[in-house]
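Undergrad: Structure provided below as structure tokens; questions to follow.
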Amino acid sequence: MASMIEDAINGFYLGDDKLKELTSLMEAEFEKGLCKETNDKAEIKMLPAYVTETPNGKEEGDFLALDLGGTNFRVLLVKIDKGEVQMFNQVYAVSKELMTGTGVQLFDHLTECLWDFLVQHDMMCQLLPIGFTFSFPTKQYGIKKTTLVRWTKGYTATGVVGEDIGELLNTAINKKFKIRCMNFDLKIMSTVVNDTVGTMVSCAFDYPKTCMGLIVGTGTNMCYMEAQEKIKTLEENEVTPGKEMCINTEWGAFGNNSGALNAVITEFDKSVDEDSPNQGQQIYEKMISGMYMGELVRRVVVKLMDAGLMFVGTTSDSILYTSGLSTAFVSQVLSYDYNQSDFDLLKNYISGFGAVATNEDCVVLKRICEAVSLRAADLCAVGVVATAKRVVANRGNVQVIVGVDGSVYRRHPTFKDLLVKKTMQLAPDIDIRFELSTDGSGRGAALVAAVESRIHKLQLK
1 MASMIEDAIN
11 GFYLGDDKLK
21 ELTSLMEAEF
31 EKGLCKETND
41 KAEIKMLPAY
51 VTETPNGKEE
61 GDFLALDLGG
71 TNFRVLLVKI
81 DKGEVQMFNQ
91 VYAVSKELMT
101 GTGVQLFDHL
111 TECLWDFLVQ
121 HDMMCQLLPI
131 GFTFSFPTKQ
141 YGIKKTTLVR
151 WTKGYTATGV
161 VGEDIGELLN
171 TAINKKFKIR
181 CMNFDLKIMS
191 TVVNDTVGTM
201 VSCAFDYPKT
211 CMGLIVGTGT
221 NMCYMEAQEK
231 IKTLEENEVT
241 PGKEMCINTE
251 WGAFGNNSGA
261 LNAVITEFDK
271 SVDEDSPNQG
281 QQIYEKMISG
291 MYMGELVRRV
301 VVKLMDAGLM
311 FVGTTSDSIL
321 YTSGLSTAFV
331 SQVLSYDYNQ
341 SDFDLLKNYI
351 SGFGAVATNE
361 DCVVLKRICE
371 AVSLRAADLC
381 AVGVVATAKR
391 VVANRGNVQV
401 IVGVDGSVYR
411 RHPTFKDLLV
421 KKTMQLAPDI
431 DIRFELSTDG
441 SGRGAALVAA
451 VESRIHKLQL
461 K
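Using the UniProt record's numbering, read the sequence shown as starting at 1 and increasing by one per residue.
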């Protein structure tokens, strides 16, 4: 029976040979996504973000950022002066009625919040360049045109899907501000920003060599700076030879159809996917992200409980229910050591989930959490290395700084160190450094607007 425990745990351990093979498969998918002829069939879509530069230290002035991605809406004022950044922000609620009403009502509300914020800062009628983080599936046609593909996160507001998000915001602003401000003329269009791109740009302000942005939280995604001539999905008039453009990889879809991950998918991954609302989609993401890490652990535990190998006699409330264990649970378990005093603390913690644990149960539970976490970090390292190889191919053997954000990277007790270690092992010849990014969806969005403003001023000279 002990072999069942070992089999369940060992399925999450991947050797370096397998990880290197997966890195090559991901590199091939990147190529498919960048090629116009194969993009339709590519799992990783490699979406052009139309951000062509990162901050160079010459950004100056005041900028606004708007951040919509759930039941809250955030407005920020970002002041940049001589390389220093000051931020002021206010959070506003978005009611269910607004989330499910009309698009006009929703964007009118966002504009009303913006007006309230400007009043607080005595900046009425002084509309500044805006970076708008809109955390929903979108399709981008240029730095100033981004359309909503579909609503998620409980939003169903009508008249928005398929429409230009920046234009909807600009229309609402014009309508509201023209009534209140004499001679108001909105000349500066808002820039819609992907949160991963914002993560990279925010980090690049502090670390100029930043050329990749990574999020590992509820979900996972990567962006990076690519040579424009290698982005074959761009139209000819959109390409400036010798210049770069940010690519939003949307790498969570790796393994959806190609079978690239079949050799490393466990029975627990399969059951998680089968019970998910997006079955067959975001396979790579489900093996890494915080949304599913706790659930993978729970399903291993339940199998061993059913076999009488863990928590004998427990008829658990939470452990037996889907999503009964969170990634926070995994992090908490991993914070305890293998000693009696910590086992006593862990037993007490586990009892809150309806389970009665022995010392042996604590050991097995910790090993399961370690294995699931290690695999998540290993698979994430595969993507980091595949992306870094593209950067080095374009820029030469330079230092590659990855701006990172997300709850798993920030709060999981071992993920960061495991990711760094495996990245170094898989790419010993590339100097890859991870730096924590500051508020990509807020500060990052404002900095995207600041970079665009700097470029625009240069073009006017």
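Idealized CB from N, CA, C, for every residue including glycine.
So, are the CB atoms of V201 and T52 less than 8 Å apart?
TA: no
Undergrad: According to DSSP, is R454 part of a helix, a strand, or is it coil?
TA: Residue state, collapsed to three classes: helix.
Undergrad: Quick one: any contact between the region 283–294 and the region 249–258, if contact means 3 or more CB pairs under 8 Å?
TA: In short, these stretches touch, since the Cβ pair count reaches three.
Undergrad: Between N339, E360 and G242, which lies nearest to L304 when the distance is taken from Cα to Cα?
TA: Out of N339, E360 and G242, E360 has the C-alpha closest to the C-alpha of L304.
Undergrad: With I432 and A388 assumed to form a contact (beta carbons below 8 Å), what rounded beta-carbon distance in angstroms separates them?
TA: With a contact defined as Cβ atoms closer than 8 Å, I432 and A388 qualify at about 5 Å.
Undergrad: Using a threshold of 8 Å, state whether the C-beta atoms of L345 and Y338 are closer than that.
TA: Their beta carbons are not under 8 Å apart, which means L345 does not touch Y338 by this criterion.
Undergrad: Just curious, the beta strand (DSSP E) that K178 is in, first and last residue?
TA: Taken as a continuous stretch (DSSP letters only), K178 belongs to no beta strand (DSSP E), being part of the alpha helix (DSSP H) at I165 to R180.
Undergrad: What residues in its chain sit with their C-beta under 8 Å from that of D273, if we drop five residues either side in the sequence?
TA: Q279, G280, I283 and K286
Undergrad: Between which two residues does the beta strand (DSSP E) carrying I368 extend?
TA: No beta strand (DSSP E) contains I368, which is instead part of the alpha helix (DSSP H) from N359 to R395.
Undergrad: Please name the residue in D429, I401, V404 and L110 whose C-alpha comes closest to that of I165.
TA: L110
Undergrad: Between the C-alpha atoms of V372 and A381, what's the straight-line distance to the nearest angstrom?
TA: 14 Å
Undergrad: L458: buried (16+ other C-beta within 10 angstroms of its C-beta) or exposed?
TA: Its Cβ having fewer than 16 others within 10 Å, L458 is exposed.
Undergrad: Nearest CA to the CA of M4: which residue from Q105, D306 and A445?
TA: D306
Undergrad: Comparing C-alpha positions only, which one of L22, A445, M293 and K32 sits nearest to V330?
TA: It is M293.
Undergrad: Taking C-alpha atoms, which residue in E267, I319, I143 and I179 lies nearest to P48?
TA: I143
Undergrad: Using the DSSP secondary-structure output, state which residues sit across from V272 in a beta bridge.
TA: Beta-bridge pairing links V272 to no other residue.
Undergrad: Does N10 pass the burial test, meaning 16 or more other C-beta atoms within 10 Å, or should it be called exposed?
TA: exposed
Undergrad: So which of K41, C113 and P129 has the shortest CA-CA distance to G61?
TA: P129
Undergrad: Based on Cα-Cα distance, which residue from Y141, T23, Q120 and V391 lies nearest to A227?
TA: V391
Undergrad: Please classify S351: is it buried, with 16 or more other beta-carbons within 10 angstroms of its beta-carbon, or exposed?
TA: exposed
Undergrad: Is the region 201–214 close to the region 153–164, with three or more CB pairs under 8 Å?
TA: no
Undergrad: Excluding the 5 residues flanking Q86 on each side, which residues of the same chain have their C-beta closer than 7 Å to its C-beta?
TA: K79
Undergrad: With three or more C-beta pairs closer than 8 Å as the rule, is the region 30–38 touching the region 100–120?
TA: no
Undergrad: My assumption, with CB atoms under 8 Å, is that M310 sits in contact with V301. Please give the rounded CB distance.
TA: 6 Å
Undergrad: Using the three-state DSSP reduction, which class does V216 fall into: helix, strand or coil?
TA: strand
Undergrad: From E59 to N262, what does the alpha carbon distance come to, in whole angstroms?
TA: Annotation: E59 to N262 spans about 46 Å, alpha carbon to alpha carbon.
Undergrad: Excluding five sequence neighbours on each side, which residues of the same chain lie with their C-beta closer than 7 Å to the C-beta of K347?
TA: A357 and C362
Undergrad: How many whole angstroms separate the CB atoms of F136 and W151, which I take to be in contact at a CB cut-off of 8 Å?
TA: Sure, about 6 Å apart at Cβ, within 8 Å.
Undergrad: Rounded to whole angstroms, what's the CA-CA distance from C125 to N170? Just pull it up for me.
TA: 14 Å
Undergrad: What does V400 pair with, by DSSP beta-bridge criteria?
TA: I432
Undergrad: Given a cut-off of 8 Å, decide if F107 and L168 are closer than it, judged by their beta-carbon atoms.
TA: Cβ atoms of L168 and F107: closer than 8 Å.
Undergrad: Starting from Y141, trace the beta strand (DSSP E) both ways and give me its first and last residue.
TA: T138 to G142 is the extent of the beta strand (DSSP E) around Y141.
Undergrad: If you check the beta carbons only, do L334 and A377 fall under 8 Å apart?
TA: no
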